[in-house]
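Quick notes on the structure that follows.
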Amino acid sequence: MSVEPVSTRDYEAHPRSEQLQLTKTEIEEISEMLLYEELSRARIRDLEEGVRAQRARGGARAARRWKRVAHWAARRAERYQEQS
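FYI, in UniProt numbering the residues of the sequence shown are 1 to 84.
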(Lines of atoms letter the chains of each structure in order from A; the text may use other names.)
(Lines give C-alpha, C1' and ligand atoms only; values in the text may rest on other atoms or scores of the structure.)
Protein backbone atom coordinates (compact mmCIF):
# COMPACT_ATOMS: atom_id res chain seq x y z
CA MET A 1 0.00 0.00 0.00
CA SER A 2 1.45 3.38 -0.98
CA VAL A 3 0.68 6.73 0.54
CA GLU A 4 -0.11 9.62 -1.78
CA PRO A 5 1.16 13.14 -1.06
CA VAL A 6 -1.36 15.21 0.89
CA SER A 7 -0.36 18.86 0.41
CA THR A 8 1.17 20.88 -2.41
CA ARG A 9 4.47 21.00 -0.53
CA ASP A 10 4.42 17.20 -0.18
CA TYR A 11 3.53 16.82 -3.84
CA GLU A 12 6.35 19.12 -5.00
CA ALA A 13 8.87 17.39 -2.71
CA HIS A 14 7.77 13.92 -3.85
CA PRO A 15 9.93 12.77 -6.77
CA ARG A 16 7.85 11.40 -9.61
CA SER A 17 9.07 9.80 -12.77
CA GLU A 18 5.72 10.08 -14.55
CA GLN A 19 3.97 13.37 -15.21
CA LEU A 20 0.54 14.03 -13.77
CA GLN A 21 -2.03 14.11 -16.54
CA LEU A 22 -5.36 15.78 -15.78
CA THR A 23 -8.44 15.62 -17.93
CA LYS A 24 -10.43 18.70 -18.83
CA THR A 25 -13.14 17.67 -16.36
CA GLU A 26 -10.63 17.29 -13.53
CA ILE A 27 -9.16 20.71 -14.29
CA GLU A 28 -12.64 22.27 -14.26
CA GLU A 29 -13.47 20.56 -10.94
CA ILE A 30 -10.23 21.81 -9.37
CA SER A 31 -10.87 25.32 -10.69
CA GLU A 32 -14.38 25.29 -9.26
CA MET A 33 -13.10 24.04 -5.91
CA LEU A 34 -10.51 26.84 -5.80
CA LEU A 35 -13.20 29.42 -6.61
CA TYR A 36 -15.37 28.16 -3.75
CA GLU A 37 -12.36 28.20 -1.43
CA GLU A 38 -11.61 31.82 -2.34
CA LEU A 39 -15.28 32.73 -1.88
CA SER A 40 -15.22 31.15 1.58
CA ARG A 41 -12.12 33.13 2.51
CA ALA A 42 -13.71 36.35 1.29
CA ARG A 43 -16.83 35.68 3.40
CA ILE A 44 -14.68 34.99 6.46
CA ARG A 45 -12.78 38.26 5.90
CA ASP A 46 -16.08 40.16 5.58
CA LEU A 47 -17.38 38.63 8.82
CA GLU A 48 -14.15 39.47 10.65
CA GLU A 49 -14.32 43.09 9.43
CA GLY A 50 -17.93 43.31 10.58
CA VAL A 51 -17.01 42.01 14.02
CA ARG A 52 -14.14 44.50 14.29
CA ALA A 53 -16.44 47.39 13.32
CA GLN A 54 -19.09 46.23 15.79
CA ARG A 55 -16.50 46.05 18.58
CA ALA A 56 -15.27 49.55 17.73
CA ARG A 57 -18.83 50.91 17.95
CA GLY A 58 -19.36 48.94 21.15
CA GLY A 59 -16.49 50.81 22.84
CA ALA A 60 -18.19 54.17 22.32
CA ARG A 61 -21.52 52.70 23.40
CA ALA A 62 -19.98 51.32 26.60
CA ALA A 63 -18.42 54.72 27.35
CA ARG A 64 -21.82 56.43 27.03
CA ARG A 65 -23.44 53.77 29.22
CA TRP A 66 -20.81 54.18 31.97
CA LYS A 67 -21.19 57.96 31.74
CA ARG A 68 -24.93 57.59 32.40
CA VAL A 69 -24.26 55.21 35.32
CA ALA A 70 -21.72 57.64 36.80
CA HIS A 71 -24.20 60.54 36.45
CA TRP A 72 -26.93 58.49 38.15
CA ALA A 73 -24.56 57.50 40.98
CA ALA A 74 -23.50 61.12 41.52
CA ARG A 75 -27.13 62.29 41.75
CA ARG A 76 -27.96 59.47 44.14
CA ALA A 77 -24.96 60.30 46.33
CA GLU A 78 -26.02 63.98 46.43
CA ARG A 79 -29.54 62.97 47.53
CA TYR A 80 -28.23 60.80 50.36
CA GLN A 81 -25.80 63.51 51.51
CA GLU A 82 -28.64 66.06 51.62
CA GLN A 83 -30.69 63.74 53.81
CA SER A 84 -27.85 63.21 56.32
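From the three backbone atoms N, C-alpha and C, an ideal C-beta is built for every residue, glycine too.
How long is the line joining the alpha carbons of residue i and residue j, rounded to whole angstroms?
| i | j | result |
| --- | --- | --- |
| Thr63 | Glu82 | Before going on, a small fix: residue 63 reads as Ala here, not Thr. Each residue's Cα considered, the two are about 29 angstroms apart. |
| Tyr80 | Glu49 | 47 angstroms |
| Thr25 | Arg41 | 24 angstroms |
| Gly59 | Val69 | 15 angstroms |
| Trp72 | Val51 | 31 angstroms |
| Ile27 | Glu12 | 18 angstroms |
| Ala77 | Leu47 | 44 angstroms |
| Arg61 | Ala53 | 12 angstroms |
| Leu22 | Glu32 | 15 angstroms |
| Ile44 | Glu29 | 23 angstroms |
Leaving out the 5 sequence neighbours to the left and right, which residues in its chain are closer than 8 angstroms to residue i when beta-carbon positions are compared?
| i | result |
| --- | --- |
| Arg65 | none |
Which residue comes first and which comes last in the alpha helix (DSSP H) that contains residue i?
| i | result |
| --- | --- |
| Thr25 | 24-83 |
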